[in-house]
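K.L.:
In my numbering, the protein residues as written are 2 to 668.
Glycine is no exception: its CB is placed at the ideal position from the N, C-alpha and C atoms.
In this text the structure is predicted, and so the values were computed from the model without any measurement.
#1: Any chance you could list the alpha helix (DSSP H) runs of at least 4 consecutive residues sitting entirely within the segment 303 to 349, in chain order?
#2: Relative to the alpha-carbon of residue 463, which residue among 397, 376, 72, 84 has its alpha-carbon at the smallest distance?
#3: Determine which residues share a DSSP beta bridge with residue 25 and list them.
#4: Just to check my reading of the structure: residue 119 and residue 141 have Cβ atoms closer than 8 Å, yes? What is that Cβ distance to the nearest angstrom?
#5: Given a threshold of 16 other Cβ atoms within 10 Å of its Cβ, counted over all protein chains shown, does residue 554 qualify as buried or as exposed?
#6: Report all residues from its chain with a CB closer than 7 Å to the CB of residue 247; omit the five preceding and five following residues, and keep chain order.
#7: According to the neighbour-count rule (16 or more other Cβ atoms, all chains shown, within 10 Å of its Cβ), is residue 301 buried or exposed?
#8: Can you list, in chain order, the residues of its chain whose CB lies under 6 Å from that of residue 283, leaving out five sequence neighbours each side?
#9: Residue 363 and residue 546 look like a contact to me (Cβ under 8 Å); what is the Cβ gap, rounded to whole Å?
#10: Could you please give me the residues that DSSP links to residue 636 through a beta bridge?
#11: In chain order, what residues of the same chain lie with their CB nearer than 6 Å to the CB of residue 416, ignoring the 5 residues before and after it?
#12: Between the segment 533 to 547 and the segment 570 to 579, do three or more beta carbon pairs fall short of 8 Å?
#13: What are the start and end residues of the beta strand (DSSP E) that includes residue 509?
#14: Thinking C-alpha only, which one of 531, 503, 447, 512 is nearest residue 521?
#15: For residue 224, count the other beta carbons within 10 Å of its own beta carbon; 16 or more makes it buried, fewer makes it exposed. Which is it?
#16: I'd like the list of long-range same chain contacts for residue 114, defined as Cβ closer than 7 Å, with 5 residues on each side in sequence excluded.
#17: Which same chain residues end up closer than 6 Å to residue 130 when comparing Cβ atoms and leaving out the 5 residues on each side of it in sequence?
#18: What's the call for residue 212, buried or exposed, on a 16-neighbour Cβ count within 10 Å?
#19: Taking DSSP as the reference, what is the three-state secondary structure of residue 603?
#20: Classify residue 37 as helix, strand or coil using the three-state DSSP reduction.
#21: Report yes if the C-beta distance between residue 229 and residue 458 is below 8 Å; otherwise report no.
#22: Give the list of continuous alpha helix (DSSP H) stretches no shorter than 4 residues that lie fully inside the segment 226 to 291.
#23: How big is the Cα-Cα spacing for residue 533 and residue 512?
#24: Consult DSSP for residue 67 and reduce its assignment to one of helix, strand or coil.
#25: What are the boundary residues of the alpha helix (DSSP H) that residue 390 is part of?
#26: Return helix, strand or coil for residue 481, following the three-state DSSP convention.
#27: Based on the DSSP output, what are the partners of residue 613 in its beta bridges?
#28: My understanding is that residue 167 touches residue 100, with C-beta atoms under 8 Å, so please give their C-beta distance in whole angstroms.
#29: Would you list the residues sitting across from residue 121 in a DSSP beta bridge?
#30: Where does residue 103 sit, in a helix, a strand or coil, going by DSSP?
#31: May I ask you to report which of helix, strand or coil DSSP gives residue 84?
#32: Would you decide whether residue 652 is buried or exposed? Buried here means 16 or more other CB atoms lie within 10 Å of its CB.
#33: With a threshold of 8 Å, are at least 3 pairs of Cβ atoms found where one atom belongs to the segment 639 to 648 and the other to the segment 614 to 624?
#34: With DSSP as the reference, label residue 525 as helix, strand or coil.
#35: Would you call the segment 400 to 412 and the segment 344 to 360 in contact, with 3 or more CB pairs under 8 Å?
#36: By DSSP, does residue 220 sit in helix, in strand, or in coil?
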């Protein structure tokens with residue numbers, strides 16, 4: 002869900018017209034803030050979600066009584082019969098959702114409140130849920146008509162795990178080792194959607210109509226094997242190639258190897274040369290203190306002649322608080338750097354002492370949470386989110402682990418069965434989607450970062466002598482089969498920045514507003530409608546890129562620009578652009594002006610790609626004008642009997658170019 006982050010200072014005058022307010026672990030809200038929250042709850046379409054410690058009134062949250070205490074063990078949720086997760090054939094009966102020794106509220110729900118989960122202390126033998134000792138502390142999740150209260154600090158728990166403040170290896174393998182963090186968020190999201198009448202019927206999509214993301218990363222340690230790069234180049238697969246500075250990591254790279262990768266990656270715009278920032282194995286990375294990481298980036302850029310936008314950690318350890326302080330300095334003094342991949346697996350030093358190391362027995366992705374996030378620095382005086390992004394990753398996955406990560410399932414119930422259906426031959430046009438039945442337990446918008454070392458590409462000691470290139474190819478082809486976006490780390494973080502910056506509001510089921518408060522152009526966004534989507538219009542034009550009857554591309558927004566779009570039936574004869582976005586084609590805008598019956602398309606394109614307009618006049622000639630910065634070409638194309646107009650565009654082989662296409666009926 003598109004959201005804003007506000008602090009209490011911003012709520013002093015009034016609570017803005019948000020549809021939902023989430024208050025995570027805020028124990029000292031001012032009385033005036035509490036009063037304004039009480040007033041807003043008089044609106045039946047306003048919803049309040051509160052987690053962890055709070056000083057909001059008990060009655061406001063549907064509680065009879067509440068007492069703050071600190072159990073010694075972990076805390077977790079056990080589902081009741083009043084829960085959508087009570088079916089034992091689909092869900093476990095206990096999920097760890099709070100840190101060991103973390104504060105909880107021991108609460109009792111008031112009459113009339115719904116209690117989907119009890120709160121339990123979990124301790125003893127933690128090999129799995131069946132051997133652990135559990136004792137009930139009270140009600141764990143409490144729902145009223147427009148409030149949801151969670152009695153433990155689930156968001157603080159997840160935040161601590163995401164940046165390695167908390168050791169969780171002893172419990173993270175219990176239910177879903179690959180997606181256990183995602184599953185906790187899934188529970189909250191489903192409860193929120195089930196109860197919240199104020200949630201909009203339309204929403205801004207992070208990754209358009211894609212179902213998820215595969216963001217490939219390669220660490221080029223001690224290798225000159227180009228097989229993986231050549232496959233990606235030939236098949237137009239974006240990826241990040243993290244290159245070591247041979248002066249800093251002399252044991253893992255040579256100058257010749259590093260410059261080979263800089264040269265070969267640099268041939269293709271869709272491949273990114275990132276920095277494989279070094280850490281010291283077996284000791285705190287003290288060179289990262291202060292401006293050490295910034296200097297590492299700056300000096301490596303000068304030495305290797307690259308522009309660093311993202312970094313990926315190289316082995317060794319990281320440390321609190323040194324690593325976070327070094328990251329903060331980097332983001333403050335190197336505005337070009339978008340993010341890192343630092344908290345991807347754990348070898349953790351805290352205040353000069355070795356704290357723990359991820360066991361790696363099943364997956365190194367300790368967090369079980371697959372979406373980019375901002376690390377936080379927390380001080381006595383204040384806490385602040387770092388500007389850059391970070392993410393979870395797994396490396397050198399075999400076929401089975403790829404399957405498990407992509408499946409992204411939270412429940413134990415099997416996936417919906419795939420049925421064989423009749424189909425028309427490709428030369429017979431058929432409008433529609435063949436995505437099939439959606440899995441209700443499938444993780445939406447998962448961002449899967451898989452790292453493959455070219456060092457093992459042809460290593461006969463793995464994959465029955467075949468090396469890991471087959472694993473990489475399988476990961477890519479399966480991602481495309483599942484409808485994932487393929488993105489480098491730079492592409493991913495740029496998209497996250499744009500998504501975070503744009504403002505979106507669902508005014509009604511028939512109207513949405515997007516606004517650009519930034520100083521840069523924002524484009525390529527898609528909006529999803531919960532109801533079947535026929536057409537989209539604003540200011541006399543119709544936006545005609547609609548995918549699967551659910552997603553539409555919104556117009557580009559210049560700095561300070563705003564657009565309010567109406568969702569409703571299009572005018573007679575309005576065409577539709579049938580293409581979905583793909584790895585070679587990005588649709589930035591697609592409009593139809595009924596006044597002169599013209600279609601205008603703004604695209605980014607690489608290599609050759611076909612375009613298809615539907616609902617044009619059959620067997621008529623159309624004038625297609627194609628413009629780039631360098632040239633203009635005109636061709637006449639004839640529509641087919643099925644009312645489709647198909648034509649091709651040719652772009653550069655290795656770089657994306659911008660195209661504007663105008664289509665009009667020949668008089």
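P.N.:
The relevant details are as follows:
#1: 323 to 334
#2: 397
#3: 52
#4: 5 Å
#5: buried
#6: 254, 255, 256, 259
#7: buried
#8: Because the pLDDT of residue 283 is 46, which lies under 50, any placement of that residue in the model is unreliable, and the number read from its coordinates should be weighed accordingly. So no residue of the chain qualifies.
#9: Contact flag wrong, Cβ pair sits at about 42 Å.
#10: 625
#11: 440
#12: yes
#13: 504 to 509
#14: 503
#15: buried
#16: 63, 143, 144, 145
#17: 95, 175
#18: buried
#19: strand
#20: helix
#21: yes
#22: 228 to 235, 256 to 266
#23: 14 Å
#24: strand
#25: Taken as a continuous stretch (DSSP letters only), residue 390 belongs to no alpha helix (DSSP H), as it is neither H nor E.
#26: helix
#27: 647
#28: 5 Å
#29: 77, 137
#30: coil
#31: coil
#32: buried
#33: yes
#34: coil
#35: no
#36: strand
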